[in-house]
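Chemist: The structure under discussion is supplied below as structure tokens; questions concerning it will follow.
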Amino acid sequence: MGGALSAPTMIAMLEGCKSNTATEAATSFALSTDYKSLVAEIAEIIVPKTTTPGAKEAGVGPFIEMMLKDCYSAAQQEHFVKGLDALEEESKKSNGGKKFLESTPEQQTAVLKKCEAAANDEAKKNESAKKMVDSETGLTKETKGKTEAPPTPFFKIMKELTLLGYFTSEVGCKQALAYVEVPGKYEGCVKMTPGQKAWAL
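Anchor point for the sequence shown: position 195 equals 195 in UniProt numbering, and the numbering is continuous, going up by one each time.
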């Protein structure tokens, strides 16, 4: 799962340990009641309930809000909310004026696919627009000094935090993954049998 997390997400987690004006300003972040429900529903579509509990049962929605509040900059938080705004606008445009939560599952999936495509396009533009990013500060290195790197696309953050929240939750570890409460010795190479769940770390 670690391979699914982008550098900006890892940087954001590390930035959460620092005390500065930007971080303090970001801690006032909170999603509206409607957007809390929207984020929880999107997470559930990404990790739905099957033979194992889905994202809602794992509490992924509140986890995403907590991560945005505690670990991300105010600029990234604002960009995330704008992404939710754009998602609602796309839903109304594509589904006869219906909000995302009022749409059918098929319509919701179609809207999310459009959001994912838009996020991929945005990521490509960001990559070409920026130069080398300092892995410690997350700032872009340029000849004229340092400027903040472009924010990570909304849907990329949404997917990353959904996976992180789900697979680090008790539900995700114990029911979606193979969990050993008291592991034995460390084995660097273990054979996997067909259909076996990945091991919880």
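Glycine included, C-beta positions come from ideal geometry on N, C-alpha and C.
According to DSSP, is Ala119 part of a helix, a strand, or is it coil?
Modeler: Taking the sequence shown and counting its residues from 1, one reaches residue 119 at position 119. Three-state DSSP puts Ala119 in a helix.
Chemist: Quick check on DSSP: helix, strand or coil for Ala43?
Modeler: Locating residue 43 in the sequence shown gives position 43, where the first residue counts as 1. Looking at Ala43 - three-state DSSP - the assignment turns out to be helix.
Chemist: Starting from Glu57, trace the alpha helix (DSSP H) in both directions and tell me its first and last residue.
Modeler: The sequence position of residue 57 within the sequence shown is 57, counting from 1. Here Glu57 belongs to no alpha helix (DSSP H), and DSSP marks it neither H nor E.
Chemist: Leaving out five residues before and five after Leu68 in sequence, what residues of the same chain have Cβ atoms less than 7 Å from its Cβ?
Modeler: Here residue 68 refers to the residue found at position 68 of the sequence shown. Only Phe29, Gln77 and Phe80 meet the Cβ criterion.
Chemist: Classify Cys115: buried if its beta carbon has 16 or more other beta carbons within 10 angstroms, exposed otherwise.
Modeler: Mapped onto the sequence shown, residue 115 falls at position 115. With 16 or more other Cβ atoms within 10 Å, it is buried.
Chemist: Tell me which residue opens and which closes the alpha helix (DSSP H) that Glu187 is part of.
Modeler: Numbered from 1 along the sequence shown, position 187 holds the residue referred to as residue 187. Note, Glu187: premise wrong, no alpha helix (DSSP H); not H, not E.
Chemist: Quick check on the burial criterion: 16 or more other C-beta atoms within 10 angstroms. Buried or exposed for residue 240?
Modeler: This structure cannot settle anything about residue 240, because the visible part of the chain is limited to 1 through 201.
Chemist: Please name the residue, chosen from Ser91, Trp199 and Pro194, that lies closest to Glu187 on a Cα-to-Cα basis.
Modeler: For the purposes of this step, residue 187 is taken as the residue at position 187 of the sequence shown. Comparing Cα-Cα distances from Glu187 to each of Ser91, Trp199 and Pro194, the minimum goes to Trp199.
Chemist: Where does Lys144 sit, in a helix, a strand or coil, going by DSSP?
Modeler: The residue you call residue 144 lines up with position 144 of the sequence shown. Residue placement at Lys144 is poorly supported in this model, since its pLDDT is 48, which falls under 50; the coordinates still yield a value, given next. The answer is coil: DSSP assigns Lys144 none of H, G, I, E or B.
Chemist: Assign Leu201 to buried or exposed, taking buried as 16 or more other Cβ atoms, counted over all protein chains shown, within 10 Å of its Cβ.
Modeler: Position 201 of the sequence shown holds residue 201. Exposed: under 16 other Cβ atoms inside 10 Å.
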